[in-house]
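Notes to accompany the following structure.
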Amino acid sequence: MSAQKKQLKIGDKLPDAVWNTNLEMVNYPQRTLTLSAYKDRLILLDFWATWCGGCLQNFPRMESLEKKYGDKIKILAVSNESRGVLEKFFSSKNGQRYKEIHSVAEDQLFQGLFPHRGIPFIVWLKDGKVLNTTDAEQVSEEMINEILKGESSSLQTVIQQQRDRPLMLSENFDLERGTHLEHYTFFSKGRIRSIGYGSEFHRKGSVVYGRQFTNLSLLSIYSAIAYEVFKQRGGALSAKQIITEVKDLSKIHFNMNTKDLDNEQKLYSYEYIVPYSKADSLYKNMLEDLDRYSGFKASIEKRKVKCLVLSRKSTKDKIATKGGKAISSFLDTPSVLQNVPFDYILSGLNANSDITPLPVVDETGYKGNIDIKISNPKDLKIIQKELLSYDLELKEGIREVMMLVIRDKE
Numbered sequence: 001m002s003a004q005k006k007q008l009k010i011g012d013k014l015p016d017a018v019w020n021t022n023l024e025m026v027n028y029p030q031r032t033l034t035l036s037a038y039k040d041r042l043i044l045l046d047f048w049a050t051w052c053g054g055c056l057q058n059f060p061r062m063e064s065l066e067k068k069y070g071d072k073i074k075i076l077a078v079s080n081e082s083r084g085v086l087e088k089f090f091s092s093k094n095g096q097r098y099k100e101i102h103s104v105a106e107d108q109l110f111q112g113l114f115p116h117r118g119i120p121f122i123v124w125l126k127d128g129k130v131l132n133t134t135d136a137e138q139v140s141e142e143m144i145n146e147i148l149k150g151e152s153s154s155l156q157t158v159i160q161q162q163r164d165r166p167l168m169l170s171e172n173f174d175l176e177r178g179t180h181l182e183h184y185t186f187f188s189k190g191r192i193r194s195i196g197y198g199s200e201f202h203r204k205g206s207v208v209y210g211r212q213f214t215n216l217s218l219l220s221i222y223s224a225i226a227y228e229v230f231k232q233r234g235g236a237l238s239a240k241q242i243i244t245e246v247k248d249l250s251k252i253h254f255n256m257n258t259k260d261l262d263n264e265q266k267l268y269s270y271e272y273i274v275p276y277s278k279a280d281s282l283y284k285n286m287l288e289d290l291d292r293y294s295g296f297k298a299s300i301e302k303r304k305v306k307c308l309v310l311s312r313k314s315t316k317d318k319i320a321t322k323g324g325k326a327i328s329s330f331l332d333t334p335s336v337l338q339n340v341p342f343d344y345i346l347s348g349l350n351a352n353s354d355i356t357p358l359p360v361v362d363e364t365g366y367k368g369n370i371d372i373k374i375s376n377p378k379d380l381k382i383i384q385k386e387l388l389s390y391d392l393e394l395k396e397g398i399r400e401v402m403m404l405v406i407r408d409k410e
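Mapping to full-length UniProt numbering: the sequence shown position 180 is 180, numbers consecutive.
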């Protein structure tokens with residue numbers, strides 16, 4: 001029906017046809033339900049899926065809130081997964097914990113009315129209208145009390161953004177004929193709730209001409225950009241090659257275990273797009289551009305530092321691969337590298353600071369794939385001893401190493 005096809009916005013009234021549609025239900029006393037059964041309540045539609053860990057983490061809180069407020073609210077889980085998938089989940093050991101989560105199955109109605117790009121996603125309905133759309137974090141006693149008392153709601157609206165288009169760029173831009181986005185920079189401080197945490201590439205074929213970072217610490221953004229610059233220069237960046245000459249480290253770090261507004265002010269979003277013809281200078285330009293806004297200065301420098309140097313003890317080749325399936329399990333016990341490039345051992349050693357806090361430098365000059373086994377890759381002394389059996393020596397030294405240096409702006 002047409003009411004089901006029209007997307008609804010905040011303030012819109014739900015059509016009668018929506019209230020009276022039979023919804024397929026799972027983990028509910030009846031097989032079907034009409035939303036009209038709860039029309040006099042505050043209704044929360046909680047979009048979820050069985051594979052969504054964040055959704056499942058929220059379920060106990062949703063159950064607790066619904067129990068607390070009784071017949072004043074209804075929290076209705078909504079999934080587009082099949083009845084069979086949902087029934088299997090709720091009958092599993094994990095799913096049996098959520099006895100009070102009543103879920104719509106095989107949903108198309110609400111997906112069409114309230115399109116979204118990520119879950120969990122919450123739609124708030126009150127007095128027959130769309131009150132708001134938010135993330136799940138805002139479902140709390142404080143917010144529900146405000147709404148039930150008729151007070152001005154402090155809910156922050158979340159209308160999820162597309163990751164495949166520049167952040168905050170008006171969709172009206174797409175209507176301009178003969179106009180092309182040649183260059184774009186976006187920088188913001190504070191969490192953007194309408195999009196997730198992470199990174200996205202702007203590509204044309206295999207060529208990357210733009211990069212987008214959302215809701216990350218400045219250290220994470222700088223590191224990701226520098227990683228690409230190192231790669232272009234034939235190197236590899238590890239956490240051991242990052243030097244922070246910053247008075248207040250909390251300004252570039254983010255504590256994932258702390259959820260408060262001050263902590264979220266340490267999250268940044270940054271996007272940079274260049275003309276396709278200048279794609280080869282993207283990451284170099286990004287480092288320089290980010291310095292303009294961040295309050296910090298990043299540079300890639302050679303520094304003399306203590307490190308572990310990997311070298312060959314003889315010219316005899318004891319590590320050349322015998323072929324076979326490629327296996328890379330450096331941090332497993334035992335560690336097995338089979339028919340993989342030599343730099344896999346460097347990557348493994350540099351990726352784990354528990355093995356050694358020192359960067360590992362390769363002076364073997366070895367080319368080609370290798371076969372190496374280490375009985376305990378978490379013990380540096382064992383690694384050093386067993387590498388000797390391959391005529392490879394790993395010992396401390398002082399070397400010039402390419403480093404990412406982040407410092408305060410003067």
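All C-beta atoms, glycine included, are put in the ideal place defined by N, C-alpha and C.
**Study point:** Cβ-Cβ distance between Leu267 and Ser217 below 8 Å
**Key:** Looking up residue 267 in the sequence shown gives position 267. Looking up residue 217 in the sequence shown gives position 217. In this structure, Ser217 lies closer than 8 Å to Leu267 by Cβ.
Review point. What do you get for Asp408, buried or exposed, if any count of 16 or more other CB atoms within 10 angstroms of its CB means buried?
Key: Translated into the one-based positions of the sequence shown, residue 408 becomes position 408. Counting Cβ neighbours within 10 Å, Asp408 comes out exposed, since fewer than 16 surround it.
Review point. Of the residues Asn369, Pro29, Trp19 and Val246, which one's Cα is nearest the Cα of Lys325?
Key: Position 325 of the sequence shown, counting from 1, holds the residue named residue 325. Closest option to Lys325, Cα to Cα, is Asn369.
Practice item. Less than 8 Å between the CB atoms is what I'm expecting for Asp12 and Lys126, so what's the real figure, rounded? Key: As a working note, residue 12 is residue 12 in the sequence shown. As a working note, residue 126 is residue 126 in the sequence shown. No, Asp12 and Lys126 are not in contact; Cβ-Cβ is about 12 Å, not under 8 Å.
Review point. Just reading off the alpha helix (DSSP H) that Lys189 is part of, what are its end residues?
Key: The count along the sequence shown starts at 1 and reaches residue 189 at position 189. Careful: Lys189 lies outside any alpha helix (DSSP H), inside the beta strand (DSSP E) at Tyr184 to Lys189.
Check your understanding: Skipping 5 residues on each side, what residues in its chain have a beta carbon closer than 7 Å to that of residue 469?
Key -> This structure cannot settle anything about residue 469, because the visible part of the chain is limited to 1 through 410.
**Study point:** Arg399 to Ser206 span [Cα, whole Å]
**Key:** One-based indexing of the sequence shown puts residue 399 at position 399. One-based indexing of the sequence shown puts residue 206 at position 206. So the alpha carbons of these two residues sit roughly 35 Å apart.
Check your understanding: Out of His253, Leu331 and Met402, which has the shortest C-alpha to C-alpha gap to Lys378?
Key -> As a first step, residue 378 must be located in the sequence shown, where it is residue number 378. Ranking the options by Cα distance to Lys378, first place goes to Leu331.
Review point. So what's Leu56 in DSSP terms, helix, strand or just coil?
Key: Within the sequence shown, numbered from 1, the residue matching residue 56 stands at position 56. Helix.
Point to revise | Assigned exposure category for Gln338 - 16 Cβ within 10 Å defines buried | key: Here residue 338 refers to the residue found at position 338 when the sequence shown is read from its first residue. It counts as buried.
Review point. In terms of DSSP beta bridges, what is Leu308 paired with?
Key: The count along the sequence shown starts at 1 and reaches residue 308 at position 308. According to DSSP, Leu308 bridges with Val360 and Glu396.
Check your understanding: Is the number of C-beta pairs between the segment 170-189 and the segment 91-109 that are closer than 8 Å three or more?
Key -> no
**Study point:** Residues bridged to Tyr270 (per DSSP)
**Key:** For the purposes of this step, residue 270 is taken as residue 270 along the sequence shown, with counting starting at 1. Residue pairing from DSSP places Tyr270 in a beta bridge opposite Phe187 and Phe213.
Check your understanding: Contact check, Leu109 vs Thr21 under 8 Å by CB: the rounded distance?
Key -> Position 109 of the sequence shown, counted from the first residue, corresponds to residue 109. Position 21 of the sequence shown, counted from the first residue, corresponds to residue 21. About 6 Å separates the two Cβ atoms, so the contact holds.
**Study point:** Buried or exposed by the 16-neighbour rule on C-beta atoms within 10 Å, applied to Ile10
**Key:** Taking the sequence shown and counting its residues from 1, one reaches residue 10 at position 10. Exposed, by the Cβ-count rule.
Review point. Would DSSP call Ser2 helix, strand or coil?
Key: If you number the sequence shown from 1, residue 2 lands on position 2. Only weak support exists for where Ser2 lies, its pLDDT of 42 falling under 50; the coordinates are left without a value.
Check your understanding: Sorted by chain position, which residues of the same chain lie with C-beta nearer than 6 Å to Val104's C-beta, five sequence neighbours on each side aside?
Key -> Taking the sequence shown and counting its residues from 1, one reaches residue 104 at position 104. Here the set comprises Leu23 and Val78.
**Study point:** Secondary structure of Glu245, DSSP reduced to three states
**Key:** If you number the sequence shown from 1, residue 245 lands on position 245. In this structure, DSSP gives Glu245 an extended state, which the three-state scheme calls strand.
Exercise for review: Can you tell me which of the three DSSP states Asp408 falls into?
Suggested key: Taking the first residue of the sequence shown as 1, we reach residue 408 at position 408. Strand.
Exercise for review: Please state if the CB of Gly210 and the CB of Ile273 are separated by a distance shorter than 8 Å.
Suggested key: Position 273 of the sequence shown holds residue 273. Position 210 of the sequence shown holds residue 210. Result yes, Cβ atoms of Ile273 and Gly210 sit closer than 8 Å.
Practice item. Kindly indicate which residue of Leu42, Arg117, Lys189 and Leu380 has the alpha-carbon position closest to the one of Leu148. Key: Walking along the sequence shown from the start, residue 148 turns up at place 148. Of the candidates Leu42, Arg117, Lys189 and Leu380, the one whose C-alpha sits nearest the C-alpha of Leu148 is Leu42.
Check your understanding: Going by beta carbon distance, what residues of the same chain come within less than 8 Å of Gln156, once the five residues before and after it are set aside?
Key -> Here residue 156 is taken as the residue at index 156 of the sequence shown, counted from 1. Once the five neighbours on either side are set aside, the close Cβ partners of Gln156 are Thr134, Gln138 and Arg193.
Point to revise | Contact belief for Val309 with Lys395 at Cβ below 8 Å, rounded distance in angstroms | key: In the sequence shown, residue 309 corresponds to position 309, counting from 1. In the sequence shown, residue 395 corresponds to position 395, counting from 1. Val309 to Lys395, Cβ: 6 Å. Contact.
Check your understanding: Measuring CA to CA, which of Phe114, Arg31 and Ile243 is closest to Arg303?
Key -> Here residue 303 corresponds to residue number 303 of the sequence shown, with the count starting at 1. Comparing Cα-Cα distances from Arg303 to each of Phe114, Arg31 and Ile243, the minimum goes to Ile243.
Practice item. Please report how far the alpha carbon of Gln384 lies from the alpha carbon of Leu181, in whole angstroms. Key: For the purposes of this step, residue 384 is identified with residue 384 of the sequence shown, where counting begins at 1. For the purposes of this step, residue 181 is identified with residue 181 of the sequence shown, where counting begins at 1. Answer to the nearest angstrom: the Cα atoms are 53 Å apart.
Practice item. Could you pull out every unbroken beta strand (DSSP E) segment of at least 3 residues lying fully inside the segment 311-365, listed in chain order? Key: 327-329, 335-341 and 360-362
Practice item. Name the residue from His183, Lys297 and Gln265 whose alpha carbon lies nearest to the alpha carbon of Val246. Key: Within the sequence shown, residue 246 is the residue found at index 246, counting from 1. Nearest option by C-alpha distance: Lys297.
Check your understanding: Out of curiosity, what's the CA-to-CA distance linking Phe230 and Gly54?
Key -> Looking up residue 230 in the sequence shown gives position 230. Looking up residue 54 in the sequence shown gives position 54. Across the structure, Phe230 and Gly54 are spaced so that their CA atoms are roughly 34 Å apart.
Check your understanding: Can Trp19 and Lys6 be called in contact, C-beta distance under 8 Å?
Key -> Within the sequence shown, numbered from 1, the residue matching residue 19 stands at position 19. Within the sequence shown, numbered from 1, the residue matching residue 6 stands at position 6. Not a contact, by the Cβ cut-off of 8 Å.
Review point. Based on Cα-Cα distance, which residue from Asp291, Ala136, Gly397 and Val405 lies nearest to Gln241?
Key: For the purposes of this step, residue 241 is taken as the residue at position 241 of the sequence shown. It is Val405 whose Cα lies nearest to the Cα of Gln241.
Review point. Which same chain residues, not among the five before or five after Asp248, have their C-beta less than 7 Å away from its C-beta?
Key: Working through the sequence shown from its first residue, we reach residue 248 at position 248. No residues qualify anywhere along the chain.
**Study point:** Distance between Leu287 and Pro226 (C-alpha atoms, nearest Å)
**Key:** Counted from its first residue, the sequence shown places residue 226 at position 226. Counted from its first residue, the sequence shown places residue 287 at position 287. Residue identity check: residue 226 is Ala in the sequence provided, not Pro. Answer to the nearest angstrom: the Cα atoms are 7 Å apart.
Practice item. Return the first residue and the last residue of the alpha helix (DSSP H) that Ser238 is part of. Key: On the sequence shown, position 238 is the one that residue 238 refers to. Looking at the DSSP string, Ser238 is not in any alpha helix (DSSP H), and its letter there is neither H nor E.
**Study point:** Beta-carbon gap between Asn352 and Pro359 smaller than 8 Å
**Key:** On the sequence shown, position 352 is the one that residue 352 refers to. On the sequence shown, position 359 is the one that residue 359 refers to. Against a cut-off of 8 Å, the Cβ pair of Pro359 and Asn352 comes out as no contact.
Review point. Going by beta carbon distance, what residues of the same chain come within less than 8 Å of Ile382, once the five residues before and after it are set aside?
Key: Taking the first residue of the sequence shown as position 1, residue 382 is located at position 382. So the qualifying residues of the chain are Ile374, Ser375 and Asn376.
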